[in-house]
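Worksheet: the structure to be examined is printed underneath.
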Amino acid sequence: NVLDTLGLVSASFGQWQGAPGGESVELADEGAWHYLSLQFQDDVLIGATSIGHTEHIGVLHGLVRAHTRLGAWKERLLRNPALAMDAWLASSQPEALWRGARAR
Numbered sequence: 021n022v023l024d025t026l027g028l029v030s031a032s033f034g035q036w037q038g039a040p041g042g043e044s045v046e047l048a049d050e051g052a053w054h055y056l057s058l059q060f061q062d063d064v065l066i067g068a069t070s071i072g073h074t075e076h077i078g079v080l081h082g083l084v085r086a087h088t089r090l091g092a093w094k095e096r097l098l099r100n101p102a103l104a105m106d107a108w109l110a111s112s113q114p115e116a117l118w119r120g121a122r123a124r
């Protein structure tokens, strides 16, 4: 689900409300009208909510829809949800393309 309300883009994918026993993380910048919530079950991103973070929408949708196993990237995302693009590259692309992403 993607909605553009007077220029403020919001999106939700998968189990955006989370799952029993799952883990979640939120990143909010109220002054900039940005919000990002990620929901995990084991090392899989099962849901996401994004407001104002349009650069993450395709990546989040792809990770949720593909049930991508994130491995160690789950812990990195719990510390910094803004690393979604790096997590996607590291989890779904050949190593040569994401070698620099894992150094963060």
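For the sequence shown, the working numbering puts the final residue at 124, and the numbers step up evenly by one.
By construction, the Cβ of each residue, glycine as well, lies at the ideal position given by its N, Cα and C atoms.
Quick caveat: nothing in here was measured; it's all calculated off a predicted structure.
Count the other CB atoms within 10 Å of the CB of residue 106; is the residue buried (16 or more) or exposed (fewer)? By the beta-carbon neighbour count (other beta carbons within 10 angstroms, threshold 16), residue 106 is buried.
Considering residue 68, what are the terminal residues of the beta strand (DSSP E) in which it resides? 64-71
Nearest neighbour of residue 65, chosen from 73, 109, 113 and 44 [CA to CA]: 44
Taking 6 Å as the limit between beta carbons, can you name the residues of its chain near residue 29, skipping five residues before and five after? 74
Start and end residues, alpha helix (DSSP H) containing residue 107: 104-112
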